[in-house]
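K.L.:
One structure follows; several queries about it will come next.
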Amino acid sequence: MVKQEIQLDVNGKSYSISVFPQETLLEVLRENLGLIGTKEGCSEGECGVCTVLLDGLPVRSCLLLAVDVRGGKITTIEGLSEKGVLHPIQKAFIEHGAIQCGFCTPGMILSAKALLDGNPFPSEEEIRIGLSGNLCRCTGYIKIFKAVQGAAL
Amino acid sequence: MRYFEYFEPKSVGEACQFLNEHEEAKILGGGVSLVVLLKNGLITPSHLVNIKTIPGLARIEWDDREGLTIGGLNHHRDILLSPLIQRHCPILAEAASKIATPPIRNLGTIGGNVAHAEPSADFPPALIALNASLMLTSPGRERKVPIEEFFTDYYENILGQGEILTRIDVPPLPPRSAGTYIKLDKITNSIAIVGVASVIGFDEKGICIYAGVGLGGVASTPLNVKGAKDILVGEKITETHIDKIAKEAQAMANPITNVHASAEYRKEMVYVLTRRALQGSLDKALGR
Amino acid sequence: MDYQYIGKSIPKVDSAQKATGTAQYINDLSFPNMLWGKVLRSIYPHAEIVHIDKSKAERLPGVKAIITAQDIPDGLYGPFIKDEPVLARGKVRYIGEPVAAVAAIDRETAEEAIQLVEVEYDELPSVFDPLEAMKSDAPLIHEDLSSYFCIFPAVQEGNVCSRTTFVEGDIQQGFKEAGLIVEETFRTHMQHQSYMEPSGAIALIDPSGKIIIHSSTQGIFITQSRVSESLKIPMSKIRVIAPNVGGGFGGKIETNVQPICVALAQKTGLPIKVVLTREEEFTAGRPRHPTTIWGKLGLKKDGTFVAKEMINIFDTGAYSDDGPGVTGFGSLMARGPYRIPNLKIVGNCVYTNKVKSGAFRGFGNPQTGFASESLIDMAAKELNMDPLDLRLKNALVPGDHSVGKQTIHSVGIMECLKKAAEALEWKQKKGKCRGRGIAAVNHISGLLTVSAFVRINEDGTISLHVGTMDIGQGSDTILTQIVAEELGVPLEDINLISRDTDAAPYTWATSASRLTYTGGNAVRLATIDAREQLLELASKQLDENKDDLMIQNKKIFVKWDPEKGLTFHQLGAISCWVKGGPIVGKSSFMVETPPFDRSGFSGFPFGTMTGYIFAAQAVEVEVDVETGKVKMIQCASAHDVGHAIHPQNVEGQIEGGFVQGLGYALTEEIVFDGGKVINPSFADYKIPMAMDIPPITPIIVEAYDETGPYGAKGLGEPGLVGVAPAIANAIYDAIGVRIKDLPITPEKVLDAIKGKKVTIPWTDIWKKNF
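Residue numbers (the working numbering), protein chains in the order written: chain U, 4 to 156; chain D, 2 to 289; chain F, 281 to 1050.
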């Protein structure tokens, strides 16, 4: 078994790590970099709690091998707030009561960020599509839609 | 996940060569299906060959004579957003929009979607209706095959040792044409219980000059309803024609029962969805 | 009344850490030298364990321990009937039952190791259908049932581990008086809670020998108790700490891997983490009980309900778990929020060789509610009455009685029904293939205990010690609001200490929709106790009559002389250092009144219940008659919560419950082939996603309950309960077909349209039995 040296750019920081080829980005983020905000919920790309942004687009970190990131820029939930100042989407989630258990929240907020970065004034339909990769079992999604609308304003 | 070695080829030739030499190697494209199979232990390759490191395998191009060329490594998202596809083959964007969710569409590739040979996949019915061909590349050889000949059984295809699906070619459609992809799913964009794609083209007199219908989820492979062409081309399309094709599609279907639906239900839905898909294309083509 | 904090939708106290990803859940914790544990599970539904060979697995490098039943105490555990071993002992009773467990240096090694443990089984005859399991010649799943310890006088027979009966009036006479009788058999299916965070735990042993369990749980004291009884460890030697919990919905009330984790920690002396895979969640979790329900409703020609009989068969799987409670409670709720003078409801909780079912939002009520509310619409059709009017005619009013003859004073069901219907423009004309349906719900929110301490710190800030678990529903925020209200202190002055059995006083679980009502009462009383002590101290220090003092801005002063007073800071310091001793307000709250009249009860596994809550769900659907697909057009869900302490939170519960109900009604089902789950993943078990959500109008109804804190009652569960019957009723309204078995798949709808007769197996044998 041979480890490979890879370069990862996560939240603007550069890391040099050696990984086995079968390690997923999710595992590397959580175990090597201690970025526990990225969650593991099903490990097969269905639930979306492991969502991170790769070059600004939401991807499943549980389906992406770390060796396959190949220089892409990763953003995790830890990269959103700066020096304790919450990102407007994070504020909107709190204000609109879009957070219950919180387990889907990091992935949901990152999907919302990708959506709003590409489309600052999405329709409700576009919000639903943009968030469709993230399951939430607590809120029924409605307050999450409102939070994203709120953050867009 | 079982241990495997990882290889990054620099060219198609190198990739083919490597695959030829390593019988147990698998191609890593988008990985959205592959990694799940690896995790479940359903496949245990010796090597993964990451073809995303090969330049030129992701490109969407249009040629008035040859039609559309899509690289095997184009992501579902590329297909969804490409202006060329919107203009020339919007049914492919429609199919892409119905594949899973954005994080999957951002990683998954059209080549992988096709090569995985999942009978319920969303691109194959649309590609069948478009009369698309696949370019299969192996060391020193390329062959172009009609898409419906590519699939042989559940998750089985004709790719040989060392062969890679590098490109998808879609011939140009008549100027007055339209396509529709409809899928029946349990929740929005979950796996197709039945998926039906239809493409119809007309001359200026409203006579059908092109017809294609592809089915997903109803047999061990995606199906081409070949009769659609015989029934429609040269005709002014009526309800009777549509019904006839839908019945033929239904007769071809040989679905299985699983947790998502029974075989009987699927068989019945092939008829309903084929009618709707044809009617949808007809309405679009005639500007209704 | 004017409140400073109550009734205000303040930002939830735990939202910021969740929004930034810093909130820690079980899988985010780790400890030095921690090992991964993994469970080897049975591959047979019913089999004797002949031999287990651990030797190959033991030789795998990195494996630190392998345990089987032989290596651990032989305690049995369970909330109602102590029938479940930590690891299968002698035989296995379902596919997925823990047989052995491995601790290894990492997850991969542990996974590899369990595959090397060789188990020789001798297969036994299995039974998967509870109706079959109730036959006298069915294979017995628990031969020793009669010897198990039960916490209540259980009525048992064969594979029936608990039978609960409620009788009121005289049903024979009642049905004689009826001008119309409707009768039908219904079936409901197995639904999984599908919380986003898989269950898990970490166990370690501190230097004193105390066992510390970090547990993803809805009840730290329940984890403590189950580990204690199963592994025969005194509760004084077990400390349970809970991190943030990523949803529970009932599924994390009882333990899952916690006892296994502890046994591995004892064996190795090292910290052990076990987190379930999603597949294990589906195959060895604690889903909602499937049921078969036969019901009969008698009405006068004018629509007055006169008699109801129901036999509910709950398939509890291989172990009883919360089954006796679910069966008993679901049957208690089966009358519905209506006056029915003559009643006989029988609930059977039946063992089968399937994964054990347990608590899940609604606790038996969604199942019996589906049957009950379908029957009402069937009767409305026969009487040619509007289903809404028929419900309103029979709905409870203040002063009416519960089953068990408690007088209920706070009853908002009429308003819920009217407002939910209004939101859909109930009487307006409908489009083609569109229909509207409504269902009424009753539930409780007062059950068992919560205790709380409210301490005044030296600096006048407040510590609230309470054992409640906020698993996302917002109880930490609501309980903090209550302390803030009673003491007039800002929220940031309150330190809520829960989640630790060594730091919080005893509290039963986050369950039964009860933390606002039961927990709110306890915290309010403890805070009032602390406040009175503060006033007492201030009165002594100021030499003023207590009645002449008032509290404002963290200061107690003489009403007409605000200059004469002491700050909370001063009082806190005085109490700790000078006089009276530290101020600790306390409350040990137990729901005891009003008691049930139990003369018609048999085998009911609970004491009293109160805090009755009401709801109505109304939906408009459109049916695609060619595919059978049901499209939700618009929905409304109205809830009588007494008084909304945090309206935004109330809406969140209504919306979340509704969507979970949508999944229950339409798409979610754990499917078996024999005893094997064949769809154990989110790829094949489909919960609603963002694009599936219809417009939902949440409606808050406030029928003030004088027994609740600030008039408040509970909320968590009823949001789900009426969704499935409302949809079934709407489908009938749209296209005239009645779906009697859940979930309502397009295929079933299409079959019904085509007139295919669906017969749910039922014979009168079941009736004669009781």
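All C-beta atoms, glycine included, are put in the ideal place defined by N, C-alpha and C.
Let me confirm a value: Lys911/F is counted as buried when at least 16 other C-beta atoms fall within 10 Å, else exposed. Which label applies?
P.N.:
For this step, residue 911/F is matched to residue 631 along the third sequence. Its Cβ having fewer than 16 others within 10 Å, Lys911/F is exposed.
K.L.:
Looking at chain F, is there any beta carbon in it that lies within less than 7 Å of the beta carbon of Pro52/U?
P.N.:
For the purposes of this step, residue 52/U is identified with residue 49 of the first sequence, where counting begins at 1. With the sequence shown as reference, residue 52/U is identified as Val, and Pro is not the correct amino acid for it. Yes, contact with chain F.
K.L.:
Since Tyr305/F and Gly526/F are thought to touch, with beta carbons under 8 Å apart, how far apart are those beta carbons, to the nearest angstrom?
P.N.:
One-based indexing of the third sequence puts residue 305/F at position 25. One-based indexing of the third sequence puts residue 526/F at position 246. The Cβ separation is near 5 Å, so the contact holds.
K.L.:
Thinking just about the alpha-carbon of each residue, which of Leu1022/F, Ser289/F, Lys490/F, Gly583/F is nearest to the one in Ala545/F?
P.N.:
Numbered from its first residue, the third sequence carries residue 545/F at position 265. With distances taken between Cα atoms, Ala545/F lies closest to Lys490/F.
K.L.:
Taking Cβ positions only, does Glu81/U come closer than 7 Å to chain F?
P.N.:
In the first sequence, residue 81/U corresponds to position 78, counting from 1. Output row for Glu81/U: interface = yes.
K.L.:
Would Ile688/F pass as a contact of Ala675/F if the rule is Cβ separation under 7 Å?
P.N.:
Start at 1 with the first residue of the third sequence, and residue 688/F comes out as number 408. Start at 1 with the first residue of the third sequence, and residue 675/F comes out as number 395. Taking 7 Å as the Cβ cut-off, Ile688/F and Ala675/F do not qualify as a contacting pair.
K.L.:
Quick one: Cα of Met658/F to Cα of Phe594/F, how far?
P.N.:
Along the third sequence, read from residue 1 onward, the residue named residue 658/F stands at position 378. Along the third sequence, read from residue 1 onward, the residue named residue 594/F stands at position 314. Whole-angstrom Cα-Cα distance: 23 Å.
K.L.:
Relative to chain U, which residues along the region 467-489 of chain F have a C-beta separation below 8 Å, given in chain order?
P.N.:
Taking 8 Å as the Cβ-Cβ cut-off against chain U, the residues of the region 467-489 of chain F that qualify are Gln473, Ser474, Tyr475, Met476, Glu477, Pro478.
K.L.:
Pull up the DSSP beta-bridge partners for Val626/F, would you.
P.N.:
Here residue 626/F refers to the residue found at position 346 of the third sequence. Val626/F pairs with Thr445/F, Ile591/F.
K.L.:
Kindly list, in the order they appear in chain A, the residues whose Cβ is closer than 8 Å to that of Val734/F.
P.N.:
Of the protein chains in this structure, namely U, D and F, none is chain A.
K.L.:
Our contact map puts Tyr428/F next to Leu356/F with C-beta atoms below 8 Å; I'd like the distance itself, whole angstroms only.
P.N.:
Residue 428/F sits at position 148 when you count from the first residue of the third sequence. Residue 356/F sits at position 76 when you count from the first residue of the third sequence. Correct: roughly 7 Å between the Cβ atoms.
K.L.:
Around the Cβ of Val1038/F, are there at least 16 other Cβ atoms within 10 angstroms (buried) or fewer (exposed)?
P.N.:
Residue 1038/F sits at position 758 when you count from the first residue of the third sequence. Exposed: under 16 other Cβ atoms inside 10 Å.
K.L.:
At what residues does the alpha helix (DSSP H) containing Cys541/F begin and finish?
P.N.:
Counting from 1 along the third sequence, the entry for residue 541/F is found at position 261. Cys541/F -> alpha helix (DSSP H) spans 538-548.
K.L.:
Rounded to a whole number of angstroms, what is the C-alpha to C-alpha distance between Asp756/F and Ile777/F?
P.N.:
Here residue 756/F refers to the residue found at position 476 when the third sequence is read from its first residue. Here residue 777/F refers to the residue found at position 497 when the third sequence is read from its first residue. Taking the straight line from one Cα to the other gives about 9 Å.
K.L.:
Considering only residues of the region 31-75 of chain D, which uninterrupted beta strand (DSSP E) runs meet the minimum length of 3 residues and lie entirely inside it, listed in chain order?
P.N.:
Correct list: 48-51, 61-64, 68-72.
K.L.:
Assuming His494/F contacts Glu561/F (C-beta within less than 8 Å), just tell me the rounded distance between them.
P.N.:
Reading the third sequence from its first residue, position 214 is the one you call residue 494/F. Reading the third sequence from its first residue, position 281 is the one you call residue 561/F. About 19 Å; that fails the 8 Å criterion.
K.L.:
Using a Cβ-Cβ cut-off of less than 7 Å, give me the residues of the region 107-133 of chain U that come near chain F, in sequence order.
P.N.:
Taking 7 Å as the Cβ-Cβ cut-off against chain F, the residues of the region 107-133 of chain U that qualify are Cys107, Thr108, Pro109, Ile112, Arg131, Ile132.
K.L.:
Compare the C-beta of Thr300/F with all C-beta atoms of chain U and state if any pair is closer than 7 Å.
P.N.:
Walking along the third sequence from the start, residue 300/F turns up at place 20. Output row for Thr300/F: interface = yes.
K.L.:
Pull up the distance between the alpha-carbon of Pro862/F and that of Val730/F, whole angstroms please.
P.N.:
On the third sequence, residue 862/F is found 582 positions in, with the first residue counted as 1. On the third sequence, residue 730/F is found 450 positions in, with the first residue counted as 1. Going from the Cα of Pro862/F to the Cα of Val730/F covers about 22 Å.
K.L.:
Return no unless some Cβ of chain D is closer than 7 Å to the Cβ of Ser135/U.
P.N.:
Counted from its first residue, the first sequence places residue 135/U at position 132. Cβ-Cβ to chain D under 7 Å: yes for Ser135/U.
K.L.:
Start and end of the alpha helix (DSSP H) containing Thr757/F?
P.N.:
Position 477 of the third sequence holds residue 757/F. Its alpha helix (DSSP H) spans residues 755-767.
K.L.:
Assuming Met912/F is part of the beta strand (DSSP E), what are its boundary residues?
P.N.:
To locate residue 912/F, count along the third sequence from 1; it is residue 632. Where Met912/F is concerned, the enclosing beta strand (DSSP E) stretches over 910-920.
K.L.:
Per DSSP, Glu6/D is paired with what?
P.N.:
Sequence index remark: in the second sequence, residue 6/D carries index 5 (1-based). DSSP output for Glu6/D lists His48/D as bridge partner(s).
K.L.:
So which residues on chain U does Glu25/D lean against when the C-beta distance must stay under 9 Å?
P.N.:
For the purposes of this step, residue 25/D is taken as the residue at position 24 of the second sequence. Result: empty, since nearest Cβ-Cβ is about 14 Å, beyond 9 Å.
K.L.:
Between Ser191/D and chain F, is there a C-beta pair that is closer than 7 Å?
P.N.:
Counting from 1 along the second sequence, the entry for residue 191/D is found at position 190. Output row for Ser191/D: interface = yes.
K.L.:
What does the alpha-carbon distance come out to for the pair Leu119/U and Pro125/U?
P.N.:
Translated into positions along the first sequence, residue 119/U becomes position 116. Translated into positions along the first sequence, residue 125/U becomes position 122. Between Leu119/U and Pro125/U, the C-alpha separation is close to 7 Å.
K.L.:
Does any residue of chain D have a CB that is nearer than 7 Å to the CB of Asn261/F?
P.N.:
Outside the displayed span of chain F (281 to 1050) sits residue 261/F, for which this structure offers no information.
K.L.:
Could you pull the DSSP bridge partners for Gly202/D from this structure?
P.N.:
Within the second sequence, the letter at position 201 stands for residue 202/D. According to DSSP, which records beta bridges pairwise, Gly202/D is partnered with Ser178/D, Tyr211/D.
K.L.:
Can you round the beta-carbon distance between Met476/F and Leu138/U to whole angstroms, since I take them to be within the 8 Å contact cut?
P.N.:
Within the third sequence, residue 476/F is the residue found at index 196, counting from 1. Within the first sequence, residue 138/U is the residue found at index 135, counting from 1. At roughly 7 Å, the Cβ-Cβ gap stays under 8 Å, so Met476/F and Leu138/U are in contact.
K.L.:
State the beta-bridge partners of Ser882/F as determined by DSSP.
P.N.:
Residue mapping note: residue 882/F aligns to position 602 of the third sequence, counting from 1. Answer is Thr445/F, bridged to Ser882/F.
K.L.:
Does the distance from the C-beta atom of Ala898/F to that of Ile1024/F stay below 7 Å?
P.N.:
Sequence index remark: in the third sequence, residue 898/F carries index 618 (1-based). Sequence index remark: in the third sequence, residue 1024/F carries index 744 (1-based). Not a contact, by the Cβ cut-off of 7 Å.
K.L.:
For Phe952/F, write down the residues that DSSP places opposite it in a beta bridge.
P.N.:
Residue mapping note: residue 952/F aligns to position 672 of the third sequence, counting from 1. Answer is Val957/F.
K.L.:
Taking Cβ-Cβ distances shorter than 8 Å, what residues in chain F pair up with Ser263/D?
P.N.:
Here residue 263/D refers to the residue found at position 262 when the second sequence is read from its first residue. Those within 8 Å of Ser263/D in chain F are Glu1027.
K.L.:
Quick one: which chain U residues come within Cβ less than 9 Å of Ile243/D?
P.N.:
Position 242 of the second sequence holds residue 243/D. By Cβ distance, chain U contributes nothing, its closest Cβ being about 30 Å from Ile243/D, past 9 Å.
K.L.:
Apart from the five residues just before and just after Arg619/F, which ones in its own chain have a Cβ nearer than 7 Å to its Cβ?
P.N.:
Sequence index remark: in the third sequence, residue 619/F carries index 339 (1-based). Excluding sequence neighbours, Arg619/F sits near Phe585, Asn674, Leu676, Asp680.
K.L.:
Going along chain F in order, which residues have a C-beta closer than 9 Å to the C-beta of Ile188/D?
P.N.:
Position 187 of the second sequence, counted from the first residue, corresponds to residue 188/D. Correct list: Gly943, Leu946, Thr947, Lys966, Ile967, Pro968, Met969, Met971, Asp972.
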